[in-house]
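To keep things clear, I will list the structure first and then write my remarks on it.
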Amino acid sequence: MPIRPSRAILATALIASCGPSLAQTQLEETIVTAQKKSESLVEAPLTVNVVSGEQIKELALFQADELNKLTAGIEIRSEGDSNSGVAIRGVGTLSGQAAPARVGIYLDDWYGGPNANFVFKQMFDISQVQILRGPQGTLYGQPSTTGAVILNTANPNLNEVEGYVSGSYQDPAGYNIQGAVSIPLIDNQLAIRLSALKDDRETGLVNITRRLDAEVNSEGLRAKLLWAPTEDFSAKVGWTHVTSEDFDTYRALESISPDANYQLKASDRTSIQDAPDVLNNAEDDLYTLHMNWDTGPVDLRLFAAQHEYDTHSDSDDDFTEQPGRNVRVVTEGQKGHQLEFRAIASPTDWWDTQLGYYYSRREVQTDVPVFTNVPASGLVGATTLDIPTGSDTDAFFTHNDFHLSENTTLIVGLRYSIFDSKASNTSQTDLLIGSTMEPGGNVTEPIAIVTRDCSDGSAAPCLLAGGEEEKEWTGTLKLTHAFGDNMNVYATLDRGFRPGAPNFDTQGLIPAEYFTYAGESVNSVEFGVKGDLWDGRAMYTAATYYSLYEDYQVTPAFSMYDPLRQSAVPIANVYVNADEVEQLGIEGEFRMLLTDNWSAFTSLAWNQVEFKKGIIPCNDSSQPPLSPENPLTVCDVSGKPAGEQPQWSFVLQSEYRHPFNAIGGEWYLNGLYSYRGETEIAGDTSGRLTADAYGLLDLYAGLATDSWTAKIWVKNALDDDEVVVKRTADPDSNYNNLSLVPPRTTGVTLSYRF
1 MPIRPSRAIL ATALIASCGP SLAQTQLEET IVTAQKKSES LVEAPLTVNV VSGEQIKELA
61 LFQADELNKL TAGIEIRSEG DSNSGVAIRG VGTLSGQAAP ARVGIYLDDW YGGPNANFVF
121 KQMFDISQVQ ILRGPQGTLY GQPSTTGAVI LNTANPNLNE VEGYVSGSYQ DPAGYNIQGA
181 VSIPLIDNQL AIRLSALKDD RETGLVNITR RLDAEVNSEG LRAKLLWAPT EDFSAKVGWT
241 HVTSEDFDTY RALESISPDA NYQLKASDRT SIQDAPDVLN NAEDDLYTLH MNWDTGPVDL
301 RLFAAQHEYD THSDSDDDFT EQPGRNVRVV TEGQKGHQLE FRAIASPTDW WDTQLGYYYS
361 RREVQTDVPV FTNVPASGLV GATTLDIPTG SDTDAFFTHN DFHLSENTTL IVGLRYSIFD
421 SKASNTSQTD LLIGSTMEPG GNVTEPIAIV TRDCSDGSAA PCLLAGGEEE KEWTGTLKLT
481 HAFGDNMNVY ATLDRGFRPG APNFDTQGLI PAEYFTYAGE SVNSVEFGVK GDLWDGRAMY
541 TAATYYSLYE DYQVTPAFSM YDPLRQSAVP IANVYVNADE VEQLGIEGEF RMLLTDNWSA
601 FTSLAWNQVE FKKGIIPCND SSQPPLSPEN PLTVCDVSGK PAGEQPQWSF VLQSEYRHPF
661 NAIGGEWYLN GLYSYRGETE IAGDTSGRLT ADAYGLLDLY AGLATDSWTA KIWVKNALDD
721 DEVVVKRTAD PDSNYNNLSL VPPRTTGVTL SYRF
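Residue numbers (our numbering): 1 to 754.
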């Protein structure tokens, strides 16, 4: 669907309504740590997008998925349930699973890939977000095949008291209150920073059968203590606690058949589920320790972390008004430990090196009762999954900068990782005779219970999957050259890896060959250029890339025949391996000061992700219907889309500031337009899960002084009812379930800095 001309003109006007000025203004230098050292954004030989903590506050960003609007070619989903994650360049991990994510997610250096929900609730007291594109095979805790998102929270100030408090109210009803204070305890040596969050907002989606609204509800606390007794030594201890209760998510539906009980479309923002996807309770605690000691010849760095959490959630997997299939997930006593030691040195004038060791261990105990109703039969199927999982990762790495000349550097990085997973999936399925499932998911007491045997004929319970060990080399080879002070070019060859894991069979239907999926590797080539223009008043970055994935892990849209219900049922979040996938694209950003008061920014990305070859499960109406004799259909998907993100996306943003002498400050206007193209789903041969292209417009206006800010804002100003993604659907269902952009949201924010 093309961009509506009126909206494109309105968005472009925000950028183009003023020409460049001859004023000698300059953009501030942006410092990044993408290579575990401080360097300017222009010098870093990889694509890095940076969002500052001030931008997050100025644009009233309360959820991590709002970062999608600030740069093209990235998608973050944070939906309050297992459907959270990140995709970059058309490839990512957007649902919960046992394997590490394709995009590494880090909070203050802690790898939080398996815990995306927790990390994405950390949108308070953030100092910077860095988005790294392309495989990260050397410097980070887990090698990743697609990129990394790095969130850094604000550190204590050793020299003075500082902080802020901010309160926002919005319609649909809700509020976000957050603040922080940093206090020096010993001047220039010891300081503490305390921050807090209360986030309680409705999402604008209504359930018409249960008369309930979807809502967000989270609270957070953070404390950081920094000790720097000398210039050569520092230690920092951090603690973050986040609690979520009654965090309800409903799925909006669209009708695709005149036989549907409700004729719904995206603009209705309506669900008919008999029960919500609800995060009943989740408690997370993260403890971190950083120690840096510069001995002179060697800079020694130690990082340690421990994460603990408990969760209890329920979901309605059939998405209809009839009690059908409800899943309860209880995760108790998860513990994760991480340790990293890094030594940084410059043995010669032409050689800088980093050597290190990384270790992580993760233990999780999850119980999943799954209840499947057989309408009007007095039968309910009860499948209980006992899922103790554990994983250990050991890695040794080196990263070296060889300065071939004053302007040319060769970078060689290598990492050897050992992944040892100890996962099992013990399943027992019982038939509850004389039971019924009531709206909301309650199951009445049965008259009798019959235990079903495993598919291989053995007695229940059934051990469906086990663990395995994988060893892999990853790394990077980069060549970068500076043409004077204003332009850098680079070429990189990167290798990334993502280990395999077991699938968790919540339906008791998955064939044995899909109990586990193998590791995925990628080789990627990238060419890029970065630089400044017009005496530093403008900055640009551009890159083109090609990647080849082997044993690509994909979650296809498919169904299987269920003997209990005697019909086809959709299979959710099951990963399988496809042989090869190709990824290629271009991307770029341009930022400019048009005048002393006027700034503009644009970001553009095009990517194509296709199966080079592969056979995966699918829903194909041209093949025989599913039956006991034909429980599963497979398709050759060579040449078909392999991602779940649009090919085209771009962002336009502009801000104008002007002095306002009456308050001793300034007033400002800010406009943000983001566009994303049509989205297709890997393995969807029917086309019913294709989502149209759309664009969103956000507007801001405010007054600001050195100490306080008052602003009003409207997000999705044109109130578009757009679909982010359409999810796996039963081919016999009359509905698709949808993830939608938030409705038009108006709000006011007051903040005070001290």
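Cβ atoms here follow ideal geometry from the backbone N, Cα and C, with glycine treated the same way.
For residue i, which option in the options has the closest C-alpha, if you only look at C-alpha atoms?
{"i": "T690", "options": "A44, S707, R657 and P641", "result": "P641"}
{"i": "V86", "options": "E666, T541 and R133", "result": "R133"}
{"i": "V637", "options": "G671, P556, I712 and A600", "result": "P556"}
{"i": "E438", "options": "L205, R362, E589 and V380", "result": "V380"}
{"i": "S733", "options": "Y262, F397, G702 and S313", "result": "Y262"}
{"i": "N407", "options": "D420, E470 and H481", "result": "H481"}
{"i": "L493", "options": "S40, Y287, P45 and Y514", "result": "P45"}
{"i": "Y561", "options": "V529, E520 and N619", "result": "N619"}
{"i": "V724", "options": "Y675, D551 and H658", "result": "Y675"}
{"i": "R744", "options": "G204, T138 and F497", "result": "G204"}
{"i": "S621", "options": "K613, N292 and C635", "result": "C635"}
{"i": "S521", "options": "Q55, Y358 and E472", "result": "E472"}
{"i": "D349", "options": "L404, D314 and D392", "result": "L404"}
{"i": "I177", "options": "D314, E219 and L509", "result": "E219"}
{"i": "L385", "options": "G378, T393 and F371", "result": "F371"}
{"i": "S559", "options": "I418, T685 and E43", "result": "T685"}
{"i": "I208", "options": "G296, G179, A173 and L253", "result": "L253"}
{"i": "A704", "options": "N736, G174, E680 and Y668", "result": "Y668"}
{"i": "G336", "options": "D284, G356, A345 and Q354", "result": "D284"}
Among the residues of its own chain, which have a CB less than 7 Å from the CB of residue i, if the five just before and after it don't count?
{"i": "G113", "result": "P100, A101, G104, I105 and Q142"}
{"i": "L94", "result": "R77, N83, G85, A87 and E644"}
{"i": "A148", "result": "V103, G104, Y106, L132, Q136 and Y140"}
{"i": "S232", "result": "For the record, residue 232 in the displayed sequence is Asp; it is not Ser. So the list reads W293 and D294, once near-sequence residues are dropped."}
Out of curiosity, what's the CA-to-CA distance linking residue i and residue j?
{"i": "G457", "j": "Q136", "result": "For G457, the predicted model reports a pLDDT of 45, less than 50, meaning its position is unreliable; a value from the coordinates is still stated below. Straight-line Cα distance between these residues: approximately 45 Å."}
{"i": "A605", "j": "R77", "result": "18 Å"}
{"i": "L740", "j": "V91", "result": "20 Å"}
{"i": "I449", "j": "T429", "result": "10 Å"}
{"i": "I663", "j": "Q170", "result": "25 Å"}
{"i": "I183", "j": "R89", "result": "41 Å"}
{"i": "G747", "j": "G519", "result": "45 Å"}
{"i": "T47", "j": "V529", "result": "9 Å"}
{"i": "V32", "j": "D108", "result": "14 Å"}
{"i": "T409", "j": "T249", "result": "50 Å"}
{"i": "Q189", "j": "M487", "result": "39 Å"}
{"i": "G238", "j": "F120", "result": "18 Å"}
{"i": "D310", "j": "I272", "result": "29 Å"}
{"i": "A304", "j": "V525", "result": "33 Å"}
{"i": "L593", "j": "L59", "result": "19 Å"}
{"i": "T444", "j": "S315", "result": "18 Å"}
{"i": "V129", "j": "P446", "result": "52 Å"}
{"i": "Y752", "j": "W598", "result": "24 Å"}
{"i": "E470", "j": "R301", "result": "28 Å"}
Over what stretch of residues does the alpha helix (DSSP H) that includes residue i continue unbroken?
{"i": "K530", "result": "Note, K530: premise wrong, no alpha helix (DSSP H); beta strand (DSSP E) at E520 to L533."}
{"i": "A557", "result": "Taken as a continuous stretch (DSSP letters only), A557 belongs to no alpha helix (DSSP H), as it is neither H nor E."}
{"i": "G53", "result": "G53 to E58"}
{"i": "V741", "result": "Run containing V741: none; DSSP gives neither H nor E here."}
{"i": "A116", "result": "A116 to V119"}
Kindly indicate the opening and closing residues of the beta strand (DSSP E) around residue i.
{"i": "E629", "result": "Neither: E629 is in no beta strand (DSSP E) and is coded neither H nor E."}
{"i": "I105", "result": "V103 to L107"}
{"i": "G179", "result": "G174 to I186"}
{"i": "I615", "result": "I615 to P617"}
{"i": "A154", "result": "Unbroken run through A154: none, as it is neither H nor E."}
{"i": "F402", "result": "L379 to H403"}
{"i": "Y262", "result": "Segment: none, Y262 is in no beta strand (DSSP E) and carries neither H nor E."}
{"i": "P659", "result": "W648 to F660"}
{"i": "S360", "result": "W351 to V374"}
{"i": "S84", "result": "Here S84 belongs to no beta strand (DSSP E), and DSSP marks it neither H nor E."}
{"i": "E469", "result": "E468 to F483"}
Ignore the nearest five residues each way along the sequence and tell me which others in residue i's own chain have a CB closer than 6 Å to its CB.
{"i": "T544", "result": "F527 and I586"}
{"i": "Y111", "result": "G141 and Q142"}
{"i": "M539", "result": "L27, D532 and R591"}
{"i": "L750", "result": "G167 and A710"}
Ordered along the chain, which non-local residues of its own chain (more than five positions away) have a Cβ less than 8 Å from that of residue i?
{"i": "L185", "result": "A191 and I192"}
For the putative contact between residue i and residue j, defined by C-beta atoms under 8 Å, what is the C-beta separation to the nearest angstrom?
{"i": "H399", "j": "T138", "result": "5 Å"}
{"i": "V580", "j": "G614", "result": "The identity of residue 580 in the sequence shown is Glu, whereas the question assumes Val. That belief holds up - the Cβ atoms of E580 and G614 are roughly 7 Å apart, short of 8 Å."}
{"i": "V181", "j": "L197", "result": "Not really, about 14 Å apart at Cβ, beyond 8 Å."}
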